[in-house]
Amino acid sequence: MLLNTMLLLSGGDFFSRWLEGWNLGGLILVLIGAALIIIEMLIPGFGIAGISGAAAVIAGLIIGSNDPISALFSVAILVVILSIAAVIIFKVVFGKRKNSKNSRIVLNESIAAEATDRVTAESAELIGKQGIALTALRPSGAALINGKRYDVLADGEFIAKDEPIVVCAVEGLRISVRRPNEAE
Numbered sequence: 004m005l006l007n008t009m010l011l012l013s014g015g016d017f018f019s020r021w022l023e024g025w026n027l028g029g030l031i032l033v034l035i036g037a038a039l040i041i042i043e044m045l046i047p048g049f050g051i052a053g054i055s056g057a058a059a060v061i062a063g064l065i066i067g068s069n070d071p072i073s074a075l076f077s078v079a080i081l082v083v084i085l086s087i088a089a090v091i092i093f094k095v096v097f098g099k100r101k102n103s104k105n106s107r108i109v110l111n112e113s114i115a116a117e118a119t120d121r122v123t124a125e126s127a128e129l130i131g132k133q134g135i136a137l138t139a140l141r142p143s144g145a146a147l148i149n150g151k152r153y154d155v156l157a158d159g160e161f162i163a164k165d166e167p168i169v170v171c172a173v174e175g176l177r178i179s180v181r182r183p184n185e186a187e
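Numbering (our numbering), first residue to last: 4 to 187.
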């Protein structure tokens, strides 16, 4: 009654008629529930405020209504409408996003075989070339061969940093190195 009078005096004839027949407890529950839902949207957490807010709104609608059966029916319709809206929003936002950050995680285009063949051919030319270990090879590390830095794999033994190395094998993109023999 007090709320209806305040709304009527503040120019809220529409709200006064809309709230006619409601009790104050139900209205307070709806307002508390709406506040909890807004808090959940602004300060993300574990969903406790959002779930509590939804429960308070539903309880407020049921308690505040003159006819609990029609209130339950209204809540059911509200849940269906919100579910449909959530699905539509989800599909629009996450549907077909080609240029999103997520699409950088998965390679959508195929790599032409020529591109990898060229790299393999260049790497095959390294067999027998000498270089220097840029890092300790235990067994993997980096080496400088022909003025270029390569990721290499030591062929069975530890090779310290700045030691000379020689490329002994290339398998795909894997470059194996060893210490040079005294005879070389």
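Don't be surprised by glycine CBs; every beta carbon is placed ideally from N, CA and C.
Euclidean distance between Cα positions of residue i and residue j
{"i": "Gly29", "j": "Leu75", "result": "14 Å"}
{"i": "Ile41", "j": "Gly50", "result": "12 Å"}
{"i": "Leu192", "j": "Ile91", "result": "The requested residue 192 does not occur in the structure, where the chain is confined to residues 4 to 187."}
{"i": "Ile66", "j": "Glu112", "result": "57 Å"}
{"i": "Phe93", "j": "Leu45", "result": "19 Å"}
{"i": "Gly36", "j": "Ala57", "result": "6 Å"}
{"i": "Val173", "j": "Ala127", "result": "6 Å"}
{"i": "Pro47", "j": "Ser55", "result": "14 Å"}
{"i": "Phe97", "j": "Ala88", "result": "14 Å"}
{"i": "Glu43", "j": "Leu34", "result": "14 Å"}
Same chain, Cβ closer than 8 Å to residue i, neighbours up to 5 away in sequence not counted
{"i": "Ala139", "result": "Phe161, Ile162, Ala163 and Lys164"}
{"i": "Ser2", "result": "Residue numbering for the chain in the displayed model covers 4 to 187; residue 2 lies beyond these limits and cannot be assessed."}
{"i": "Ser73", "result": "none"}
{"i": "Arg177", "result": "Leu156"}
Selection from the options that minimises the alpha carbon distance to residue i
{"i": "Val60", "options": "Val78, Glu43 and Ala146", "result": "Val78"}
{"i": "Asn69", "options": "Ile42, Leu45, Ile35 and Leu27", "result": "Leu27"}
{"i": "Lys2", "options": "Gly159, Glu125 and Ala172", "result": "Absent from the model: residue 2. The displayed extent of the chain is 4 to 187, so no value can be given."}
{"i": "Ile130", "options": "Ser179, Ala57 and Ala145", "result": "Ser179"}
Burial state of residue i (16 or more Cβ within 10 Å)
{"i": "Leu32", "result": "buried"}
{"i": "Val83", "result": "exposed"}
{"i": "Ile148", "result": "buried"}
{"i": "Leu5", "result": "Legend: pLDDT at Leu5 = 49, less than 50; position of this residue unreliable, value from coordinates given subsequently. Exposed, because fewer than 16 other Cβ atoms sit within 10 Å of the Cβ of Leu5."}
Contact under 9 Å by Cβ, residue i with residue j
{"i": "Pro167", "j": "Ala136", "result": "yes"}
{"i": "Leu39", "j": "Gly53", "result": "yes"}
{"i": "Val95", "j": "Lys132", "result": "no"}
{"i": "Gly159", "j": "Ala146", "result": "no"}
Cβ-based neighbour list, residue i, same chain, cut-off 6 Å, excluding 5 preceding and 5 following
{"i": "Arg141", "result": "Phe161"}
{"i": "Pro71", "result": "Ile65"}
{"i": "Ala62", "result": "Leu32"}
{"i": "Leu81", "result": "none"}
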